[in-house]
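The structure appears below as structure tokens.
Residue numbers (this note's numbering): 44 to 228.
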């Protein structure tokens with residue numbers, strides 16, 4: 044396995060969560076499954092979005108889960124044969140939301156330190172028959188750290204459940220015969 048890109052992109056963090064699952068499929072197939080896993084493969088996230096009135100529609104069931112995240116403010120920061128890292132810089136003050144990053148995006152993400160923001164990155168790593176995902180969050184100042192800590196208290200449990208369900212969806216897809224539709228949970 045190559046260098047851990049997360050350690051270069053976000054070496055320090057305020058909050059971190061890791062989940063892992065055994066997968067019996069080649070690494071290339073597992074990372075392809077990360078890209079191909081659909082909303083229907085992660086039903087808990089779909090239910091939570093509906094409950095939160097965030098507009099998740101039934102017609103999104105076949106949309107790739109990861110691509111919907113990258114079209115909503117997250118950016119692919121790194122990809123190689125054994126890992127994928129996705130991240131965002133988010134403003135905690137008005138106007139709230141994802142901050143634009145200059146090119147090259149990975150370098151801009153790593154160097155970003157403007158107050159009033161937090162950086163969030165998550166990865167998928169495959170190695171030794173295991174798929175691991177890790178989420179790291181670093182706030183750029185004390186006020187943003189306090190704001191995010193309150194938010195983290197609310198989302199940590201559901202976020203962890205979603206990550207575990209996402210890993211199971213990826214495993215089902217990766218372990219399914221090529222061309223077969225993976226079984227629904």
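All residues carry an ideal CB built from backbone N, CA and C; glycine is no exception.
Query, Result
"Terminal residues of the beta strand (DSSP E) in which residue 165 lies", "160 to 170"
"Alpha carbon of residue 108 to alpha carbon of residue 174, nearest angstrom", "17 Å"
"Given residue 171 as reference, the closest of 148, 151 and 68 once Cα atoms are compared", "68"
"Same chain, Cβ closer than 6 Å to residue 153, five either side skipped, listed in chain order", "52"
"Short Cβ contact (9 Å threshold) for residue 229 with residue 129", "There is simply no residue 229 to check, as the chain begins at 44 and stops at 228 in what is shown."
"Beta-carbon separation (whole angstroms), residue 84 vs residue 203, contact threshold 8 Å", "Between residue 203 and residue 84 the Cβ distance is about 17 Å, and since that is not below 8 Å, they are no contact."
"Bridge partner(s) assigned by DSSP for residue 121", "128"
"Nearest residue (CA-CA) to residue 74, options 82, 185, 124 and 136", "124"
"Assigned secondary structure, residue 140 (DSSP; H/G/I helix, E/B strand, else coil)", "strand"
"As assigned by DSSP and simplified to three states, the class of residue 182", "strand"
"Element boundaries [alpha helix (DSSP H), containing residue 113]", "108 to 113"
"Proximity below 9 Å, CB of residue 169 to CB of residue 70", "yes"
"Neighbour-count burial assignment, residue 196, 16 or more Cβ in a 10 Å radius", "exposed"
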